[in-house]
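Each residue of the sequence shown is one higher than the one before, starting from 0 at the first, in numbering that gives the first Met the number 0. To start, the structure under review is shown below, and the notes come after it.
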Amino acid sequence: MSADRAAAPADAAGYDDRRRWRALGVGLVAAFMTLLDVSIVNVAVPSIDRALHATPSDLQWVLSGYALTFGLVLVPAGRFGDARGRRTAFVVGVALFTLTSALAGLARSPEWLIVARLVQGAAAGVVNPQVSGMIQQLFRGAERGRAFGLLGATIGISTAVGPLLGGLLIQVGGEQHGWRWVFFVNIPVGIVAVLLGWRLMPARPTGQPDRHRLDPLGVLLLGVGVTLVLLPLVQREQWHGPAKWALIPVGLLFLLGFGLWERYYARRQQPLFDLRLFGLRSYTLGALIGLVYFAGFTAIFFIFTLYLQIGLGYSALVAGVAITPFALGSAAASALGGRVVTRYGRPLVAVGLLIVLVGLVATVLVLRGEPHGSVPLRTALPLLVAGIGSGLVIAPNQTLTLSEVPVPQAGSGAGMLQTGQRIGSAAGIAAVGALFFSSLASSRGDWASAFRSSLLLATGIIALAFVAALVDVVAGHRRD
């Protein structure tokens with residue numbers, strides 16, 4: 000598994016520069032749409048509650064069910080795209096996502112909405128590995144870094160801008176029906192993405208088509224393992240008592256069984272996921288950094304939205320605007336990071352993580368004591384700085400992580416990387432959210448104190464990712 004082998008674009012015949020970049024554009028639009036739905040629904044929860052008379056458990060499933068099924072199918076979907084071609088998987092995934100968006104917007108009961116969100120999450124999990132795999136397949140060298148830079152910008156913007164767009168749609172559509180437009184907005188975008196995806200996405204698989212069954216036992220073991228690990232994390236608020244945490248070690252045992260089975264299965268056929276990828280330092284370290292960073296990164300938006308809307312009484316729109324500086328900084332820096340990552344390598348990620356930490360510590364400092372004036376205004380500059388750092392982390396780390404992955408395994412490799420990010424996000428929200436609510440209870444409703452303490456925890460988690468990146472930089476200098 001050499002870097003040269005991974006760098007050569009496989010089966011890119013007929014793809015001139017214009018067509019490759021157009022295909023990337025379609026993939027990025029679809030990725031933006033699916034990742035946006037991770038956060039855009041958060042601000043619609045009060046409206047959904049009133050319109051459908053949902054219970055707290057129903058609302059938790061509306062939010063967490065999407066993340067659960069999203070993470071569940073990433074690796075199998077990536078492997079399918081590697082073996083059978085990305086166009087079919089991409090188009091089917093986007094079409095299903097569009098259909099379930101319409102069904103979610105038309106929901107007449109909480110149960111209807113929950114089922115639509117579960118299927119919608121699975122569809123999103125089918126789409127995303129195809130985009131990363133397509134970049135590996137059609138781009139190489141500095142162009143691959145630029146393409147991943149644009150994907151990183153898409154990830155950062157979609158995560159941060161979700162509350163803003165959701166707030167705008169609810170403001171325009173009204174409290175009673177505005178939440179439906181949070182789902183309906185996907186329909187025209189999805190239709191265009193299906194039509195252009197069928198025309199532009201690579202139809203043929205990388206290398207020789209694999210017509211064997213796609214390792215059904217491996218799919219089962221991985222699916223059960225990921226479900227058992229994620230379920231207590233995404234249902235932490237509604238599933239009371241310590242019993243739920245027993246599922247995590249059971250899930251880890253299933254994942255261990257998955258690893259043993261994949262090692263055995265690889266002797267005869269192409270496995271669902273090639274464990275030799277973990278023998279690549281770039282892949283293993285990058286996956287670890289991604290998991291830990293997303294644990295802190297995603298949790299920040301969760302607690303900040305709660306603090307602004309519930310604690311300080313800001314509208315969903317204002318809460319979304321408050322997060323916009325982070326999104327703008329992330330977008331600009333992601334594009335830059337994608338261009339220079341091949342020159343600077345892992346030190347660029349370490350610098351990005353350090354900038355994120357500086358921005359978050361500054362955010363804590365400006366909110367010390369009783370906040371005076373506008374919190375969104377006071378946090379704008381620190382969040383802009385943190386966003387710039389984030390842009391130098393997500394895209395460059397993804398480029399470096401997948402740099403040595405052979406193109407025929409690009410989809411499954413990207414799927415496993417994104418599965419780690421989903422698990423990290425769920426674990427981070429669970430840990431940081433638990434501290435937030437416990438601090439709120441112990442301080443008798445001091446929202447500012449609860450936000451600062453939980454933000455410090457999220458900052459500490461990101462500091463662990465910085466340490467991992469720094470260790471690799473030091474080790475790299477010693478090897479050189």
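Cβ coordinates follow ideal geometry from the N, Cα and C atoms, glycine included. Computed from a predicted structure; not experimentally measured.
_Buried or exposed by the 16-neighbour rule on C-beta atoms within 10 Å, applied to Val-37_ = buried
_Can you list, in chain order, the residues of its chain with a C-beta nearer than 8 Å to that of Val-25? Leave out the 5 residues immediately preceding and following it._
Ala-192, Leu-195, Gly-196, Leu-199, Met-200
*So, helix, strand or coil for Val-74, using DSSP?*
helix
*Nearest neighbour of Val-317, chosen from Pro-162, Ala-146, Ile-134, Ala-202 [CA to CA]*: Pro-162
*asked:* Taking a contact to mean a Cβ-Cβ separation below 9 Å, would you say Val-171 touches Val-125 in this structure?
replied: no
*asked:* Going by DSSP in three states, Pro-270 sits in which element: helix, strand or coil?
replied: coil
*Classify Gly-386 as buried or exposed, calling it buried when 16 or more other Cβ atoms lie within 10 Å of its own Cβ.*
buried
*Tell me whether Tyr-313 is buried or exposed, calling it buried when 16 or more other Cβ atoms sit within 10 Å of its Cβ.*
buried
*Whole-angstrom Cβ separation of Ser-402 and Gly-351, contact assumed at under 8 Å?*
In fact, because the Cβ distance is near 17 Å, the residues do not count as touching under 8 Å.
_Check for me: the alpha helix (DSSP H) holding Trp-180 runs from which residue to which?_
140-183
*Output the distance between the C-alpha atoms of Arg-338 and Arg-345, rounded to the nearest integer angstrom.*
14 Å
_For Glu-174, count the other beta carbons within 10 Å of its own beta carbon; 16 or more makes it buried, fewer makes it exposed. Which is it?_
exposed
*How would you label Tyr-263, buried or exposed, when you count the other beta carbons within 10 angstroms and need 16 or more for buried?*
exposed
*Starting from the N-terminal side, write out each stretch of the alpha helix (DSSP H) that is 4 residues or longer and does not extend beyond the region 220-295.*
246-264
*Using 10 angstroms around the beta-carbon of Asp-471, count the other beta-carbons present and answer buried if the total reaches 16, otherwise exposed.*
buried
*Along the chain, where does the alpha helix (DSSP H) that runs through Ile-39 open and close?*
First-last for Ile-39: undefined, no H or E at that position.
*Taking Pro-381 and Val-320 to be in contact with their CB atoms under 8 Å, please state how far apart those CB atoms are, rounded to whole angstroms.*
That pair is no contact at about 15 Å.
*What's the gap between the Cα of Ala-468 and the Cα of Tyr-282?*
13 Å
*Hey, how far is the Cα of Val-531 from the Cα of Asp-214?*
The chain is shown from 0 up to 479; residue 531 falls before or after that span and cannot be answered.
*asked:* Am I right that Gly-151 and Ser-333 are in contact with their C-beta atoms under 8 Å? What's the rounded C-beta distance?
replied: 4 Å
*Should Thr-87 and Ala-265 be called a contact, given that it needs their Cβ atoms to be closer than 9 Å?*
no
_With the cut-off set at 9 Å, would you say Ala-30 and Thr-158 are in Cβ contact?_
no
*Evaluate contact between the region 356-364 and the region 451-464, counting only Cβ atoms and requiring at least three cross-stretch pairs below 8 Å.*
yes
*Taking C-beta to C-beta, are Met-32 and Gly-189 nearer than 9 Å?*
yes
*Where do the ends of the alpha helix (DSSP H) carrying Arg-421 lie?*
409-441
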